[in-house]
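Numbering (this note's numbering), first residue to last: 2 to 486.
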């Protein structure tokens, strides 16, 4: 397929600066994918995307960079006037699979399965990094449809819908905002797009609030924030070697575990019931309990009890940094679609401590860390990310192992309604990190959300041995839930 012609962003336009939090993620894209019954109508989806990007002009923009000494800063150029017909405001690609869906996964989806290859969900033209997004002058949102026609699937058609964006621009919350607006367009419902920016250079509201915090009391924000590793080339090499070892020697892969609603409720209810009379136990969210269960499961065997481990689980900072702001600013921050997160201040624990702590106490420890995240902690993390030198990685410097948990279930992105464009029931959801080397980020569990029957989808990047442990532990929960009823 010929490369589309590069059309400059038409004037007048707004210039919107991104932040150091965006820069942390500039080398990766993220894909959210839905496997649905039925045949999604590409033409109907195209109309909805065109309407979406016409109303929400930021999505019609392009990313570009400017050098400030050795530092590269990222910006968006947003068109404000009429859009030429040949100017692309989104990317929509389609393909028809030459093999049946059962080549990748059977229906009904089993309790554990391997994710389809990334090419099923992401078109080869999609850039993996901010730098390539800029070089290719590529639209900010990319949708790819892969059809599995009824002729090769026992009379039932399926569609995989892949939504890819640069993680150097949008975080999970921002991606959910985009999908929610798209669903409203597909349904023909009214929705309120963000106000059209004014022409010229803008001030980033996240950067503005955090810079004001730094200026107010610069001595209060320490340089030793433990949210990230600040390293150089060796930090990258170490991370790459670990990732390659996990993929090739330990058979790490992208795999799905389905946690049935009944088993999930049993897990949450039993932990809450056991902690009701303990005043030390904080109010536990289902996310706290599930995160604690994931950590205990990963480290239930095969690791020395003296190994120091840390969990990276990120949280949105929009509401926290907006507290104390005037209402217009606070509302602007809540609508902010770009990266606005920091890792929760979880402690480093030995594997022995993880094993010895009862599940309710580990969940309480995570809850206390979550509830204790302060504006000072967020500002300290931002100060570290602003440092012009060094590579920043989402890893704790005192830990020898890191487990990553990402909980996007609250955004309900998996529950998107594709019925207006021909989709039917969503059978499963998938998440992919899109990079130049197509690596599997190991020791990671993404809580992707819930299906219509309440099943929780856990999208994992784990070694084969750890995945097998997960499968066994889920089966134990299922059996315990069935026995208790």
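C-beta: ideal position from N, C-alpha, C; glycine also.
When C-beta atoms of the stretch 66 to 77 are compared with those of the stretch 451 to 466, fewer than three pairs fall below 8 Å, so the two segments do not count as touching. Secondary structure of residue 314 (DSSP, three-state): strand. Counting along the chain, residue 23 sits inside the alpha helix (DSSP H) bounded by residues 21 to 25. Going by beta carbons, residue 398 and residue 378 fall outside the 8 Å limit. Collapsing the DSSP output to three states places residue 400 in coil.
When rounded, the separation of the alpha-carbon atoms in residue 39 and residue 31 is 25 Å. As computed with DSSP, residue 259 is found in a beta bridge with 458. The DSSP-derived three-state label of residue 148 is strand.
Its Cα nearest to that of residue 89, the residue 54 stands out among 20, 116, 54 and 237. In the three-state reduction of the DSSP assignment, residue 31 falls in the strand class. Note that the C-beta distance between residue 475 and residue 264 is below 8 Å.
Boundaries of the beta strand (DSSP E) around residue 434: 427 to 435. The stretch 118 to 144 contains, as complete alpha helix (DSSP H) runs of 4+ residues, the segments 131 to 136 (chain order). In this structure, the straight-line span from the alpha carbon of residue 125 to that of residue 455 is close to 33 Å. Inter-residue distance for residue 129 and residue 23 is about 15 Å (C-alpha atoms, whole angstroms).
For residue 408, the secondary structure class from DSSP, reduced to helix, strand or coil, is strand. In the three-state DSSP reduction, residue 353 falls in the helix class (H, G or I). In summary, residue 142 is buried, with 16 or more beta-carbon neighbours lying within 10 Å of its beta-carbon over all protein chains present.
Assigned with DSSP and collapsed to three states, residue 450 falls in strand. Ranked by Cα distance from residue 163, the first of 441, 448, 348 and 434 is 434. Within the stretch 31 to 70, the runs of alpha helix (DSSP H) that reach at least 4 residues and sit entirely inside it are, in chain order, 43 to 56. Boundaries of the beta strand (DSSP E) around residue 18: 14 to 18. For residue 294, the enclosing alpha helix (DSSP H) covers residues 287 to 299.
For residue 383, the enclosing alpha helix (DSSP H) begins and ends at 376 to 387. Annotation: residue 476 is outside any beta strand (DSSP E); the continuous alpha helix (DSSP H) that includes it extends over 465 to 485. Residue 206 and residue 334 have their C-alpha atoms some 7 Å from each other.
Here residue 363 is actually not in contact with residue 309; their C-beta atoms are around 16 Å apart, not less than 8 Å. With at least 16 other beta carbons inside 10 angstroms of its own, residue 316 counts as buried. For residue 155, the three-state secondary structure derived from DSSP is coil. Take residue 203, set aside five residues on each side of it, and the residues of its chain with a beta-carbon closer than 8 Å to its own are 15, 16, 17 and 18, in chain order. When C-alpha distances from residue 415 are compared across 421, 406 and 426, the shortest belongs to 426.
From the listed residues 219, 104 and 120, the smallest Cα separation to residue 153 is found for 104. By the Cβ neighbour-count rule, residue 249 is exposed, with fewer than 16 other Cβ atoms within 10 Å of its own.
Nearest in C-alpha terms to residue 21, of all of 214, 472 and 385, is 385.
The alpha-carbon separation between residue 261 and residue 479 amounts to approximately 7 Å.
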